[in-house]
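A.B. asks:
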Amino acid sequence: MTRAGRQLVLLLLGLLVFEYAAAEARPLAGKLIHFQGQVTIRRGGEEEWQPARLHQELFAGDAVKTGPVSRAAILAADESQIILNENTFFLLKQVSPSPRLGWQVVTPAAAQPPSASLYQVPQGELWLRNSNEKFLFELETPAVTAALRGTEFNLRVTPDGATALTLLTGALVLRNPQGQVNLDPGEEGLARPGEPPSKRVLVQPQDAVQWCLTYPGIVSFRDLPLTSGAATPQTLAGSPAAAPLVQKAEASYNQGRLEEARQEAEEALRLDPGNPRALTVLGWLALQRHDPKEALKFFSQVSVPHETLFVGLALSRYRLGEVSQAYELMAQARGSLPPTALLSTMSGYFALMAGKVVQAHNLLEEAAARDPGLAFPRALLAQIYLVQNRKDDARKAAAQALAANPRSPVALLSQALVELSYFKMDEARRYLDQAVTADPNFLDAHLYLARIWLGSDYLDRARRTLETALNLAPWEAEVLSLAGFVHLGYRDYQKAREYFSRAAAANPRLGDPHLGLGHIHFRYRNFQSGLAEILTATLLEPRMSLYQSFLGKALYQVRVFNKALETYDYAKTLDPRDPTPYLYKGIALTDLNRPGEAVQEINRSIELNDNRAIFRSRLMLDRDLAVRNYNLAYAYGNLGLGEWSFSKALTAVKADPTNSSAQLFLATAFQQTRQRVGAGTSALLLYRLLSPANQNTFATGNDYTPMFEMPYLRVLASASGSFWGSGDRTRQDYMVNAYGGLPGVALALAGFYTWDEGFRAHNADLRNYAFDGWFKWDLTPKTSLAFFSNYYDTKQGDRLNLSDYYYRYKPFWRQHYLKRYLEGGLVHRFAPHAVFMAYLNYTRLNVRKADFESGTAFRPDYLEYPAQEIDPDLPPGWYARDLGTTTFDYRSWSQTKDNLEFINPQVQQMLILGKHTLIAGFDYFRGKVDYRYWEKWLRQYRFFTYGNVTQIFDTEGNLIWQRPLWDPYTFPLSGEDTLRFLQLFRLPKWTYTFYLLDYWRVTPKLTLELGLTYEALKMPNEGVGRTFTKDQVNPRVGLNYQITPQQVVRFGAYTTLSPHTLFQPTLMPAEVAGLPYQINSFDGADVREMGLTWEAQWSPKTFTVLRASAARVANPYLLFRGPVAYLTWYQYNTDVMLNHILGPFWGLTLGLGWKRVDPRYQGGVDFNELSALGRLTFWHKSGLRAYVAATLVYQKPDDRKNELFVLGDFGVGYEFPRKRGEIFLNVSNVFNRHFTYLVAPIRLDPFYASRLLTLRMSLYY
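So the sequence shown is residues 1 to 1261, counted in the UniProt record's numbering.
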């Protein structure tokens, strides 16, 4: 390096150091995120204006100025998002920094940060939004000062100082020495220097900000055929020898034969170097290859200006990011060439790209009027209307464009965008496929196809489509950004970051890459950088609903809850048909203990997404995997609205049974409303298998929901103490649970201990230890493994019939249950609509029972003596027998050892084909039962009682006659004996089931469930050492009919042999049109059931359900000999339930029910039951919650007196701030009512016949 060069370098370094040192004295005010055209910066205290640099830091006192056809986007340190229009002067006098961004907002040499931000706008136009309600700021113009907090507005200041401010959200005050006005959203404030401010109401206030929106500006080169335009043939003809080749090259280009066009144009140039038409062809071919620099090289050699040349030059400049130069080129063309439809169209196009929306609209309308057969201007108008959320106008314009030219690629793509705006994915994809067919090099069509595949979870198809786009334009920012999201879908974060960074550098105006970078920052828990990137994205795309939903997630993640909720509301206004902000807001409101509002938001998201879960947009670029594991049933359960929850979950499962979120929703709803626990465990199994693995997979809903995948760990510990009855019997429960994970891996561990003395005086105790472990691992985006283990050890006395206070319990009966359970599952998604599952569980259950009894017993007996004592004339050898009863005292000891060991492999394939969801599977259950029963009787005889019957037998033992001869008599006996019984059986047990089901969506309102199962089984009866076999083909029929969008009628019917153990989950759907398939019965029971339900949502706050069902259950049993017999009962149920939201924190449930149980076997009790339920639930945002419930039961059994009782339940609790724990007091059976409540032959106890007072303390870390 020369001496002069070294001096120059030192000088530049000195300037940089000086600039940095000067900046250190002032706080950081913001960053220049993007600019186009002529933008200059003037440092505070200086006079000279310097050209702006991308990502340049701005400090307090700095000024920004934009020139003609220029714009600038600034993210301020107080979170203000600012876009400057052309010819604007903007001064950042002082800025109050937001700690949420994490910028080094104040240097050591600086003073304390200002308490309020202050901006000045002497001239120009800007858009500003600041959602941080904690920051007060002011904006000054020559005419007025605006006091602002948490607002969005558009400001225009003319050169004479006249000010017009249009308020979109929030509130502000305009004031000057002459007066002040308060503005509300939708109003425009007006002021002139020296005059008091005034205001007016605007019909369309959104029109004020159309200039700052980002318009897609989609162009297909097939819509721009090569023509000479207004130029005369003589000026463009060139050499006569080259003319035929040039014409052929143009024709080949227009027909899409690009390689032929290149060869022909190059041959023409060899014959006629400098041929303007051949150079133009080569320039357009370079544009088709997405090489704008090469295109400029060819276009710059054309000496004769013409229409196609100007358009090509402008497109080249635009592709290089020089928007203002492209706009000026088209303005020059309009001034120098005769007007044509194409010239007006492309002038409108570049006016749109420059932010001159009104001018663009007028030029495009002019082009459409000039040439009604030209599709391009109508297609561009459709794109404008879509961005402005004028969907009806967009549909009309797109239809006109297609009518003008059904093969126009841009018209086809514009129609696809219209369909996307209505979430009609299949229709949009059809139009995009046609656009690609019409123009295989149509980059935007490939990109939108890839977005649809990505939003629909077709990662492979998205990647293949993206590879086509990368081959077409490997340096295009939109392509690089989408590549980042595809890699994000594969959880390849480093590669995704690389693509996002390249995309942001290639096109600083594009918001998508900043959205992706924000996602990655959150993934690594870098919350401040993540929020800054997402604020940048929403600054660049200020009125896109999905971006605002993403910003709401980011604000929620950094615990800015109120602003997150406001951002979701803002997103709703930008696209009222998008379900995403409703879902996200519902999640947030649930976490914030506002369940009444949460239920309404979730219900609205369901309505907008065709009753599917997860109820989010299908156009999301990220897969939203963290949110997919959120349990939507929480909000309903917090207000006791279980029936409402069950209805919504059921509809979601019918729409898409492959959706894990819907299965989790249904599993929890079963717990909230049903006694049939088997059905709930099966739905929960499907969730565990189908769900993505991350920190939320095994979440329990006691923390603010993480909205992004990230490393996370949560530890819960709880302890509770309880008192039975009057307080002399106690219970203790302890639990420790740790769950969490990171992207692709989920883990949870839990331990439980219970000691319960029970409410009975003796032998009602229980001691239990249990340990659970869950693990989930996503091997690839398509394949995952799931594991679960359970250890259960319980020792207890006689705890039968806890709903019968007067039950005669066994004082010495002891039981010990030891269970070890392991399960594993594999899920592979061939595609989102084709899911294969393989599942295996192993169970080992050891049951030990021991009993002791003592007392007095009777047995039939007889006394023999010679017949001659009755009648001396009877032949010798004949004998008499007096029939009677022997009375004896006894003591009995018994022991039972029952060891069960079995495995249960299952496989299933789910396949969605159009309107049909096919579910086929095989379930095999095999094991063995080792049964040992030992019993010992010690008998001591007391006396014999004659029964008044005497029999006479001959010497052969033949009965000759019998009659009463004597009066009864009793005489004492002496002596004792011992009896022993021992039964040892080893019995096999197996079942297998084949099933084929079809959810057939006949119409949008009608879904039929059709299915057949083949069940075969071999079942043991341990007590008698026998087995029986049976097989049967069973139908399943269900109907789900949507009478109105808010009313559904369901009918279900099925038969089954109950091959599955009740608590053993199955992959087969466990309900038929809402009728639980796994009814409480013995293994091998022959079950037939049907049910009818009417569900109605009368308003956003009121829901009812009317349900009726009838079941026949035949439980098999075997004696020591003879065929299999059945204990059969019938059960009929009818109930009506009301769920109502009384307010944001109040929920009401009312219900009436009738039940009849009709056992058809000896010893069964036939009874009718009427019941009524009322429950009022309160859950406040402060953390305070309570409920009060009353249940009235009237039972009328056939063999005893009627039973009438009223149960009261009450609970009150408080959730600690920041969800650090909870304390809760619960009292069931408040008035300590004692009763005998009859239940169906196999049923869990629904009530305790004694008061139970429980105080629980939980801590969360």
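Each residue gets a CB set at the ideal place from its N, CA and C atoms; glycine is no exception.
Owing to the predicted nature of the structure, the values given are computational and were not obtained by experimental measurement.
1. Spatial neighbours of I1079 within its chain, please: C-beta separation below 7 Å, excluding the five flanking residues on both sides.
2. Assuming A146 and E138 make a contact with CB atoms under 8 Å, what is their CB distance in whole Å?
3. Would you give the residue range spanned by the alpha helix (DSSP H) that Q263 belongs to?
4. Near T232, which residues of its chain fall below 7 Å by C-beta distance, leaving aside the five closest residues on each side in sequence?
5. Comparing C-alpha positions only, which one of P372, A351, R942 sits nearest to residue 1271?
6. With distance defined between alpha-carbon atoms, name the residue in P1076, S408, P1004, S1058 nearest to residue 1285.
7. So within the segment 743-828, which uninterrupted alpha helix (DSSP H) runs reach at least 4 residues, ignoring any that extend past its ends?
8. Output yes or no for whether 8 Å exceeds the beta carbon distance between L997 and P1069.
9. Report all residues from its chain with a CB closer than 6 Å to the CB of W644; omit the five preceding and five following residues, and keep chain order.
10. Give a yes or no on whether the C-beta atoms belonging to F485 and L621 are separated by under 8 Å.
11. Among the candidates P832, P711, K989, whose CA atom is the shortest distance from the CA of Y458?
12. Using alpha carbons as the reference points, say which of A191, A77, P177, S784 lies closest to L136.
13. Just to confirm before moving on: does the CB-CB distance between W755 and R731 stay below 8 Å?
14. Unbroken alpha helix (DSSP H) runs of length 4 or more, entirely within the UniProt repeat "TPR" (545-578): which are they?
15. On the three-state DSSP scale, how would you describe P474?
16. Below 8 Å on the Cβ atoms is my guess for E187 versus L167; work out the distance and round it to an integer in Å.
17. Tell me whether N362 sits in a helix, a strand or coil according to DSSP, three-state version.
18. I'd like the ranges of any beta strand (DSSP E) spanning at least 3 consecutive residues and lying wholly in the segment 920-975.
19. Could you tell me which residues DSSP puts in a beta bridge with D861?
20. Kindly confirm or deny that the segment 854-867 and the segment 901-919 touch, where touching means at least three C-beta pairs closer than 8 Å.
21. What does the alpha-carbon distance come out to for the pair A1249 and N801?
22. Kindly indicate which residue of M544, Q38, F550, L510 has the alpha-carbon position closest to the one of I520.
23. Cutting at 7 Å between CB atoms, please list the residues of its own chain near A564, excluding the five before and the five after it.
24. Grouping DSSP H, G and I as helix and E and B as strand, with all else coil, what is I1079?
25. Among all the DSSP beta bridges, which residues are the ones paired with H514?
26. Give me, in chain order, the residues of the same chain whose beta-carbon lies closer than 6 Å to that of P743; leave out the 5 immediate sequence neighbours on both sides.
27. In whole angstroms, what is the alpha-carbon distance linking A462 and G179?
28. Enumerate in chain order the residues of its own chain whose CB-to-CB distance from P875 is below 6 Å, with the five nearest sequence positions on each side excluded.
29. Whole angstroms are fine: how far does the CA of F646 sit from the CA of I991?
30. Find the nearest neighbour of G1122 within the set D1166, W774, T1027, judged by alpha-carbon distance.
31. How is S456 classed by DSSP in three states: helix, strand or coil?
32. According to DSSP, what are the bridge partners of V181?
33. Residue range of the alpha helix (DSSP H) that Y1214 falls in?
34. Assuming V246 is part of the alpha helix (DSSP H), what are its boundary residues?
35. Per the DSSP calculation, G489 is bridged to which residue(s)?
36. For the beta strand (DSSP E) that contains Y1126, what are its first and last residues?
C.D. replies: A quick look at the data gives this:
1. Hits under 7 Å: R676, V1087, E1089, A1111, V1113.
2. About 7 Å; that satisfies the 8 Å criterion.
3. Its alpha helix (DSSP H) spans residues 258-271.
4. Since pLDDT at T232 reaches only 40, below the 50 mark, its modelled position is unreliable, and the value read off the structure follows with that caveat. Excluding the 5 residues flanking it on each side, T232 has no same chain C-beta neighbour closer than 7 Å.
5. Outside the displayed span of the chain (1 to 1261) sits residue 1271, for which this structure offers no information.
6. An answer regarding residue 1285 cannot be provided, because it is not within the stretch 1 to 1261 covered by the chain.
7. Qualifying alpha helix (DSSP H) stretches: none in this window.
8. Taking C-beta atoms as the reference points, L997 and P1069 count as a pair closer than 8 Å.
9. Correct list, in chain order: Y636, F1103, N1139.
10. The Cβ atoms of F485 and L621 sit closer than 8 Å to each other.
11. For Y458, the closest C-alpha among the options P832, P711, K989 is that of P832.
12. The residue from A191, A77, P177, S784 with its alpha-carbon nearest to that of L136 is A77.
13. Yes. Within cutoff.
14. Note on the UniProt repeat "TPR" (545-578): whole alpha helix (DSSP H) runs with a minimum of 4 residues are 545-557, 561-574, in chain order.
15. In this structure, P474 counts as coil in the three-state DSSP scheme.
16. Their Cβ separation, rounded to whole angstroms, is 6 Å, which keeps E187 and L167 in contact under 8 Å.
17. If DSSP states are grouped into helix, strand and coil, N362 belongs with the helices.
18. Entirely contained in the segment 920-975, the beta strand (DSSP E) runs reaching 3 residues are, in chain order, 959-963, 970-972.
19. Paired residues: G884.
20. Inter-segment contact for the segment 854-867 and the segment 901-919 is absent: fewer than three beta-carbon pairs are separated by less than 8 Å.
21. Spanning the two alpha carbons is a distance of roughly 9 Å.
22. Checking every option, the nearest Cα to that of I520 belongs to F550.
23. Apart from the 5 residues on each side of it in sequence, A564 sits with its Cβ closer than 7 Å to the Cβ of G552, L555, Y556, A588 in its chain, given in chain order.
24. Coil, per DSSP.
25. The partner list for H514 (beta bridge, DSSP) is empty, contrary to what the question assumes.
26. If we look at P743 and ignore the five residues flanking it on each side, its Cβ neighbours are R491, N694, E709.
27. Inter-residue distance for A462 and G179 is about 59 Å (C-alpha atoms, whole angstroms).
28. If we look at P875 and ignore the five residues flanking it on each side, it has no Cβ neighbours.
29. The sequence shown places Thr at residue 991, rather than the Ile named in the question. Rounded to whole angstroms, T991 to F646 spans 31 Å at the Cα level.
30. Comparing Cα-Cα distances from G1122 to each of D1166, W774, T1027, the minimum goes to T1027.
31. It is coil, neither helix nor strand.
32. Note: V181 sits in a beta bridge opposite L174.
33. No alpha helix (DSSP H) contains Y1214, which is instead part of the beta strand (DSSP E) from 1203-1215.
34. Boundaries of the alpha helix (DSSP H) around V246: 243-254.
35. Bridge partners of G489: none, in fact.
36. It spans 1125-1143 - the beta strand (DSSP E) in which Y1126 sits, taken as one unbroken run.
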